[in-house]
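Here the sequence shown is numbered in the numbering used here, starting from 46 and rising by one per residue.
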Amino acid sequence: MAIRGPRLEFSVGAFLLLALASLLVLAVASTNQRFGIGGGDYVLTARFSQVGQLRKQAPVKVGGVTIGQVADIQLDPVKYDSIVTLALDGKFKDLPADTSAGIFTSGLLGESYIGLQPGGDPDVLQSGDEIVFTQPAVDLIQLVGKYMFSGGGAASGASDNDSTGADAPATEPQP
């Protein structure tokens, strides 16, 4: 004998709606989107001469732990530098004023991210401040091209002298 009725149907429907809502929250959370939960955004800017493959919503990390994301990338029309806006979690608003920022790549050909290295200054960066110490992105293709076409394949330190050590400096006798 099966029990059916409006209460059972309502309970099953409510359970299914909660399950779907949970899946939606999980899907959004796994793509690094936020619902404004947590301590608000703490906004900093950094100026780079080269951003490489850095994109909006790229992670911002300290010690390998994600603490925010890249909110915007703009070009300064006067200095032609890239100005990167970082949106950090409000829990990390006590970054020292001498914090440095660099653009790094996860693995050999992975995604680019901003790595922050906190300094030791007792003063802290306020929301809206600029990180002064920056390291631009390294262009791997350009480095490989320089090495391959600049004669970098020759052994460094090799000389035309024979390998007998005749030109080696004499060692002083030990007392």
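In this text, a Cβ means the ideal position worked out from N, Cα and C, and glycines have one as well.
Own chain residues within Cβ distance below 6 Å of residue i, not counting five before or after
{"i": "aspartate 139", "result": "Val169"}
{"i": "aspartate 117", "result": "Thr130"}
{"i": "tyrosine 192", "result": "none"}
{"i": "aspartate 143", "result": "Gly164, Asp166"}
{"i": "aspartate 121", "result": "Ile128"}
{"i": "threonine 209", "result": "At threonine 209, the pLDDT of 48 sits below 50, so the modelled position is not reliable; the number obtained from the coordinates is stated separately. Here the set comprises nothing."}
C-alpha gap between residue i and residue j, whole angstroms
{"i": "valine 107", "j": "glycine 135", "result": "14 Å"}
{"i": "aspartate 212", "j": "phenylalanine 178", "result": "Below a pLDDT of 50, predicted positions are generally treated as unreliable, and aspartate 212, at 48, falls in that range; the measurement from the model is reported next regardless. The straight-line gap from Cα to Cα measures roughly 46 Å."}
{"i": "proline 167", "j": "proline 141", "result": "6 Å"}
{"i": "glycine 58", "j": "arginine 49", "result": "13 Å"}
{"i": "valine 183", "j": "leucine 161", "result": "16 Å"}
{"i": "glutamate 54", "j": "valine 105", "result": "47 Å"}
{"i": "glutamine 119", "j": "lysine 101", "result": "10 Å"}
{"i": "aspartate 126", "j": "alanine 91", "result": "10 Å"}
{"i": "proline 181", "j": "isoleucine 159", "result": "10 Å"}
{"i": "leucine 154", "j": "glutamine 98", "result": "10 Å"}
{"i": "leucine 65", "j": "aspartate 86", "result": "28 Å"}
{"i": "glycine 152", "j": "leucine 61", "result": "41 Å"}
{"i": "alanine 103", "j": "serine 157", "result": "7 Å"}
Environment of residue i [buried if 16+ CB atoms lie within 10 Å]
{"i": "serine 94", "result": "exposed"}
{"i": "alanine 74", "result": "exposed"}
{"i": "isoleucine 186", "result": "exposed"}
{"i": "glycine 113", "result": "buried"}
Local conformation of residue i per DSSP, three classes
{"i": "lysine 191", "result": "helix"}
{"i": "phenylalanine 60", "result": "helix"}
{"i": "proline 122", "result": "coil"}
{"i": "valine 183", "result": "coil"}
{"i": "lysine 138", "result": "coil"}
{"i": "valine 70", "result": "helix"}
{"i": "leucine 154", "result": "coil"}
Cβ shell of residue i (< 8 Å), same chain only, five flanking positions each side left out
{"i": "valine 88", "result": "Ala116, Thr130, Leu131, Ala132, Leu133, Ser172, Gly173"}
{"i": "glycine 109", "result": "none"}
DSSP beta-bridge partners of residue i
{"i": "phenylalanine 178", "result": "Ser145"}
{"i": "proline 104", "result": "Gln114"}
{"i": "aspartate 86", "result": "Asp134"}
{"i": "serine 127", "result": "Phe93, Leu120"}
Nonlocal neighbours in the same chain, by C-beta distance under 7 Å from residue i, ignoring five residues either side
{"i": "leucine 63", "result": "none"}
{"i": "alanine 72", "result": "none"}
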